[in-house]
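Protein chains in written order, with the numbering used here: chain A, 1 to 406; chain B, 1001 to 1406.
Ideal Cβ placement from N, Cα and C applies to all residues, glycine included.
Note sheet for the following structure.
2 protein chains.
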Amino acid sequence: MRILLVGAGGVGTAITRIAARRPFFDHMVVADYDPARAEAAVAALGGDADRFTAAQVDASDEAAVTALLAEHRCDVLLNATDPRFVLPLFTAAHAAGTHYLDMAMSLSCPHPEHPYEKTGVKLGDAQFERADEWEKAGRLALVGMGVEPGLSDVFARYAADELFDEIEEVGIRDGADLTVDGYDFAPSFSIWTTIEECLNPPVVYEAGRGWYTTDPFSEPEVFDFPEGIGPVECVNVEHEEVLLVPRWVDAKRVTFKYGLGNEFIEVLKTLHRLGLDRTDPVTVAGESGPARVCPRDVVAACLPDPATLGDRMHGKTCAGTWVKGTKDGREREVYLYHVVDNQWSMGEYGSQAVVWQTAVNPVVALELVASGAWSGSGVLGPEALPPGPFLDLLTEYGSPWGMREQ
Amino acid sequence: MRILLVGAGGVGTAITRIAARRPFFDHMVVADYDPARAEAAVAALGGDADRFTAAQVDASDEAAVTALLAEHRCDVLLNATDPRFVLPLFTAAHAAGTHYLDMAMSLSCPHPEHPYEKTGVKLGDAQFERADEWEKAGRLALVGMGVEPGLSDVFARYAADELFDEIEEVGIRDGADLTVDGYDFAPSFSIWTTIEECLNPPVVYEAGRGWYTTDPFSEPEVFDFPEGIGPVECVNVEHEEVLLVPRWVDAKRVTFKYGLGNEFIEVLKTLHRLGLDRTDPVTVAGESGPARVCPRDVVAACLPDPATLGDRMHGKTCAGTWVKGTKDGREREVYLYHVVDNQWSMGEYGSQAVVWQTAVNPVVALELVASGAWSGSGVLGPEALPPGPFLDLLTEYGSPWGMREQ
Chain A
1 MRILLVGAGG VGTAITRIAA RRPFFDHMVV ADYDPARAEA AVAALGGDAD
51 RFTAAQVDAS DEAAVTALLA EHRCDVLLNA TDPRFVLPLF TAAHAAGTHY
101 LDMAMSLSCP HPEHPYEKTG VKLGDAQFER ADEWEKAGRL ALVGMGVEPG
151 LSDVFARYAA DELFDEIEEV GIRDGADLTV DGYDFAPSFS IWTTIEECLN
201 PPVVYEAGRG WYTTDPFSEP EVFDFPEGIG PVECVNVEHE EVLLVPRWVD
251 AKRVTFKYGL GNEFIEVLKT LHRLGLDRTD PVTVAGESGP ARVCPRDVVA
301 ACLPDPATLG DRMHGKTCAG TWVKGTKDGR EREVYLYHVV DNQWSMGEYG
351 SQAVVWQTAV NPVVALELVA SGAWSGSGVL GPEALPPGPF LDLLTEYGSP
401 WGMREQ
Chain B
1001 MRILLVGAGG VGTAITRIAA RRPFFDHMVV ADYDPARAEA AVAALGGDAD
1051 RFTAAQVDAS DEAAVTALLA EHRCDVLLNA TDPRFVLPLF TAAHAAGTHY
1101 LDMAMSLSCP HPEHPYEKTG VKLGDAQFER ADEWEKAGRL ALVGMGVEPG
1151 LSDVFARYAA DELFDEIEEV GIRDGADLTV DGYDFAPSFS IWTTIEECLN
1201 PPVVYEAGRG WYTTDPFSEP EVFDFPEGIG PVECVNVEHE EVLLVPRWVD
1251 AKRVTFKYGL GNEFIEVLKT LHRLGLDRTD PVTVAGESGP ARVCPRDVVA
1301 ACLPDPATLG DRMHGKTCAG TWVKGTKDGR EREVYLYHVV DNQWSMGEYG
1351 SQAVVWQTAV NPVVALELVA SGAWSGSGVL GPEALPPGPF LDLLTEYGSP
1401 WGMREQ
């Protein structure tokens, strides 16, 4: 298998470190808009760099990406950029006749009149409407294959297959107790993406009613996370699992709640109230005359790059799927989860916990595709494929998952 | 009297509208960095524009300001720019041999080791250290002559002269119930200045101890404001009165508390936590390549210009001085205040309440200087001069003050 990895940021760099230890692929081309980032990721692999090549590419340039896939005879494109680049990369992979994996789906667009009641363009809609093309081509577009979405969807499918006869609710619940020394406020994941997913209208699925939206930060609940993380305030946010799970798993309700904590929620609300989440440019006096800049980019520029904070970070991050339903006529409630301790991921891989946890899952998925354990064509979510091999291989990677009966 | 007004923003424009109705001066030159702003202020006066001329000047260019004062044979410079330009304008007026008035004093610089315990360079220090030069020249630099500082200092002197034998505390208390239609968050005054005064270490004066600083937003108290505004949460902020009052009024303690309200305090804390109050530039991708911009300028650019919000604004703003002490052997507590209703200031002057309330006071002061009722030389605060004529003339301007015995 020959892989084109696009994006050598925090997650992309962690992917190279995880993949370098696995023999399943022949070559990985690591491409980034900034060639120095791609080269740094490859150089950091040291003696393991043989199977890796650094390259430069503009992820928004479909033709350039298609040409790069052809030039390196790649079988698959792994997208590790931010969600703005999902569509051009998805399209380029189709044009080149390769498989495609991403960790976030094409962006949503709120309902023009009732943004907090009805869905408009949903996450992934632009990808699913082209499922036929992928099926006809006999190629697999495996979408939402990070940790959340990704592993969380695998958990949902595992619960449906192995643990329940009927499912009342699949609720993804994400929480952490990470702190960063020396910073009052230091998000552990891309603030651009966090603002995007937290301020968009949250989406909920209910059988019979379909998908609908709510006000931001709705239905707060305190969820008790395992392995010492403890209780964290969680709220509804827009996330891919809610769009993916109902397509392949029979559940009466699907939700995603993010353990943002009160403090982070207030920060996001304030950014929104002041218009600092905006992605359209404003004019300000710059050092070399008037400049047009996007306020959200300025917010990101004022905060430390989360991928560089691993050394100052402490604590654990937990991704997981809470499922409520019945088995053999009795009520059952479980939480299937995956915890990464920052100290472990820094020691083992030099990658901070949140970034590493996102990165390991697409590598596991690629290994299953390479071995043939996972195969298919069309646009598929992780819950469309058998969960057993995935969960076993994840454990083999040294990062086991857990289950708590509630 | 011939006046050079520098700054044709919200306050400067309101000054022209108030002054246009008063015959005490011969001519006012209205100068701004942006000539269109100066011209718009003069043009808006319509038939009353005869005594006004628009001009362009860079307030940071001392030589240009001195030349403009000479060219128009001005007797006085009235500074209506933001506090960054206090020193060049103060220096230019001295060089030209004119009097000088401002509404905010030269900026402070925190103590390098103990910013939240000790003062460093205090507000106005750079002006007071040149008091001798002004005295020798026989010219008056009347500093802090807006509403707060300004009218609040006049109130303090009035209390000392007429209402108290001994003063325990002079506490300036500022509060409002203003709302702006159509905006979740719309400060009624320059956000640049508000951030500056609220995030700098607040300064407090105590007889025997002198000036010292505290943590931001310290000593919260709920103060009940008059004329229907009601209770508002007030906290210590850095303000000129604390530096001015003790120089001329005998008081055991002097404080300034701003009725920011909890919501505004949280917004300011969040901006600080995220580094968005910074005035040093960060690099972001701009529309025409990388741009270096100051985060605080981007915050200001995202918010509506407060001077333009009068039409959508409702409510009243209150500036005042609470004084506690003894008179004839008995304890006494009063609040001397000045309230402006936005509906009134918009109807009468087309200026929003906060801006109008700031603007009226320097015009009253200039009229007292023109008539000889106020005279002096050196660098003086408003409390250095007799309060009676000022308070009477303010009432004659149609904007009476009030007093509440507590």
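Cα-Cα separation between residue i and residue j, rounded to whole angstroms
i: A49/A; j: M28/A; result: 10 Å
i: A1059/B; j: S218/A; result: 50 Å
i: D32/A; j: K316/A; result: 29 Å
i: I310/A; j: Y397/A; result: For clarity, residue 310/A is Gly in the given sequence; the question names Ile instead. Straight-line Cα distance between these residues: approximately 20 Å.
i: E197/A; j: A1080/B; result: 44 Å
i: W248/A; j: D125/A; result: 16 Å
i: D1034/B; j: G1007/B; result: 9 Å
i: W1374/B; j: D1184/B; result: 44 Å
i: L391/A; j: L303/A; result: 35 Å
i: A384/A; j: T13/A; result: 28 Å
i: E1266/B; j: T194/A; result: 21 Å
i: Q343/A; j: Q357/A; result: 13 Å
i: P149/A; j: R37/A; result: 25 Å
i: R21/A; j: F256/A; result: 33 Å
i: R1253/B; j: A1160/B; result: 13 Å
i: P387/A; j: L87/A; result: 27 Å
i: D75/A; j: V355/A; result: 25 Å
i: Q1406/B; j: E1263/B; result: 28 Å
i: T1283/B; j: P112/A; result: 34 Å
i: R1017/B; j: V1057/B; result: 21 Å
i: F90/A; j: A44/A; result: 28 Å
i: L1276/B; j: V293/A; result: 14 Å
i: M403/A; j: P1290/B; result: 48 Å
i: G1261/B; j: E1233/B; result: 5 Å
i: S106/A; j: L123/A; result: 6 Å
Contact set between residue i and chain B, taken where Cβ atoms lie within less than 7 Å
i: D184/A; result: R1273
i: A301/A; result: V1282, T1283 and V1284
Where residue i meets chain A, residues with beta-carbon distance less than 9 Å
i: G1286/B; result: P281, G286, A291, R292, V293, C294 and D297
Cβ separation of residue i and residue j, assumed to be a contact under 8 Å, to the nearest whole Å
i: V1030/B; j: V1042/B; result: 6 Å
i: Y205/A; j: V235/A; result: Between V235/A and Y205/A the Cβ distance is about 17 Å, and since that is not below 8 Å, they are no contact.
i: G325/A; j: G144/A; result: So it is not a contact: roughly 23 Å between Cβ atoms.
i: P1083/B; j: P1201/B; result: Contact flag wrong, Cβ pair sits at about 16 Å.
i: H72/A; j: L4/A; result: 6 Å
i: E1227/B; j: V1339/B; result: 5 Å
i: A307/A; j: Q352/A; result: 7 Å
i: D181/A; j: I229/A; result: 19 Å between Cβ atoms; not a contact.
i: V1379/B; j: A1141/B; result: 5 Å
i: P1362/B; j: L1078/B; result: 6 Å
i: L1393/B; j: L1366/B; result: Wrong, their Cβ atoms sit about 11 Å apart, outside the cutoff.
i: V245/A; j: Y258/A; result: In fact, because the Cβ distance is near 16 Å, the residues do not count as touching under 8 Å.
As assigned by DSSP and simplified to three states, the class of residue i
i: G1406/B; result: Strictly speaking, residue 1406/B in this sequence is Gln, with Gly absent from that position. In the structure shown, Q1406/B sits in coil (DSSP, three-state: anything other than H, G, I, E or B).
i: T358/A; result: helix
i: F1256/B; result: strand
i: P149/A; result: coil
i: W1211/B; result: strand
i: H1094/B; result: helix
i: F128/A; result: helix
i: N262/A; result: helix
i: R1002/B; result: strand
i: N1342/B; result: helix
i: G138/A; result: coil
i: G1230/B; result: strand
i: F225/A; result: strand
i: L77/A; result: strand
Beta-carbon neighbours of residue i, restricted to chain D and to distances below 8 Å
i: L1276/B; result: Structure shown: chain D not included; protein chains present are A and B.
Listed by chain order, chain B residues near residue i by CB distance under 9 Å
i: V267/A; result: T1270, R1273 and L1274
Q.
Across the segment 130-145 of chain A and the segment 283-299 of chain A, are there enough close Cβ pairs to call them in contact, namely three or more that are closer than 8 Å?
A. No, the segment 130-145 of chain A is not in contact with the segment 283-299 of chain A.
Q: State whether the segment 1152-1160 of chain B contacts the segment 1329-1347 of chain B, with contact taken as three or more CB pairs (one from each stretch) at a distance under 8 Å.
A: Yes, they touch.
Q. Quick one: any contact between the segment 390-406 of chain A and the segment 167-178 of chain A, if contact means 3 or more CB pairs under 8 Å?
A. The answer is no - the segment 167-178 of chain A does not touch the segment 390-406 of chain A, with fewer than three Cβ pairs under 8 Å.
Q. So, do the segment 187-197 of chain A and the segment 86-101 of chain A have three or more beta carbon pairs nearer to each other than 8 Å?
A. In short, these stretches do not touch, since the Cβ pair count stays below three.
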